[in-house]
DNA sequence: GCGACAG
DNA sequence: ATCTTGTCGC
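Residue numbers (the UniProt record's numbering): 1 to 231.
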């Protein structure tokens, strides 16, 4: 069901045009049913080469118990260009997504959503391609300005680009750098912040993101029977 | 022209 | 993102 025509631009200009088109399709309000399966999405490059490994960890909500995982590896050609990250990482992510027994109800993507120059970060791109609710959770800023974030756990301030609010800078834990939360698809910013907090327990990043990261980077611990799969 | 710049 | 030991702080 995925519209792959929105994923393979031939030039940078074409990529930017696609992003403008995708940004138009983003739904910035709640448009989903009950959410029981929350997925963390991340891509790593073990060894630092061009071989990308996408990992998806599906957790039960609200218990946050691990339900299932999926991994896919593939050669990545598109270079890393700030603002065009999704064209580099999404192809292999979609491969991993196809290996799940069922689609997740919500995606927590490692990277920005609307907090992007054209309001089309990787979380928006993936959300629109799959038409699944998604949220962007980034560890650092791409664009936007904001006031200092109060130290209290759960405190957040708006991330602005000019007069527009494009995301939230959220303190998930006391004493850690805040994370950048933004709308991916089919969810409001306020609810996105709530989801991120609900998935975060004792670390800076949500458990979903942590589980996916552990699988995508060689840091995966030994357990599970699941496939480490090549194609 | 000079910085900034998700992962 | 990835390459890496020790080290500061709670």
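Idealized CB from N, CA, C, for every residue including glycine.
Minimum Cα-Cα distance from residue 140 among the listed residues 147, 181, 20, 131 corresponds to 181.
Setting aside the 5 residues that flank it on each side, residue 200 is surrounded in the same chain by 172, 206, each with a C-beta closer than 6 Å to its C-beta; the list follows chain order. Relative to the Cα of residue 22, the nearest Cα in the group 110, 108, 118 belongs to 118. Bounds of the beta strand (DSSP E) holding residue 74 are 66-75. Residue 137 is classed as buried because its beta carbon has at least 16 other beta carbons within 10 Å across all chains shown.
Under the three-state reduction of DSSP output, residue 198 falls in the helix class.
For residue 20, the enclosing alpha helix (DSSP H) starts and ends at 12-25. Per DSSP, the beta-bridge partners of residue 158 are 168. Here residue 112 is buried. Its C-beta has 16 or more other C-beta atoms within 10 Å. The alpha-carbon of residue 183 is positioned some 7 Å away from that of residue 167. Between residue 70 and residue 97, the C-beta gap is smaller than 9 Å, which places the two residues in contact. For residue 185, the uninterrupted beta strand (DSSP E) run begins and ends at 179-185, by DSSP. A straight-line Cα-Cα distance of about 12 Å links residue 73 and residue 49.
A contact is defined here as three or more CB-CB pairs under 8 Å, and the segment 185-192 fails this definition with respect to the segment 45-60.
The Cβ neighbour count for residue 79, taken over all protein chains shown within 10 Å, is under 16; the residue is labelled exposed. Here the alpha carbons of residue 116 and residue 128 stand approximately 15 Å from one another. Judged by DSSP secondary structure, residue 122 falls outside any beta strand (DSSP E) and instead within the alpha helix (DSSP H) spanning 122-130. Judged by DSSP secondary structure, residue 7 falls outside any alpha helix (DSSP H); it is assigned neither H nor E.
Below 8 Å, too few C-beta pairs join the segment 87-104 and the segment 23-34 to call them touching: fewer than three.
If you look at residue 90, you'll find it isn't in any beta strand (DSSP E); it sits in the alpha helix (DSSP H) that goes 85-98. Secondary-structure assignment with DSSP links residue 40 through a beta bridge to 57, 108.
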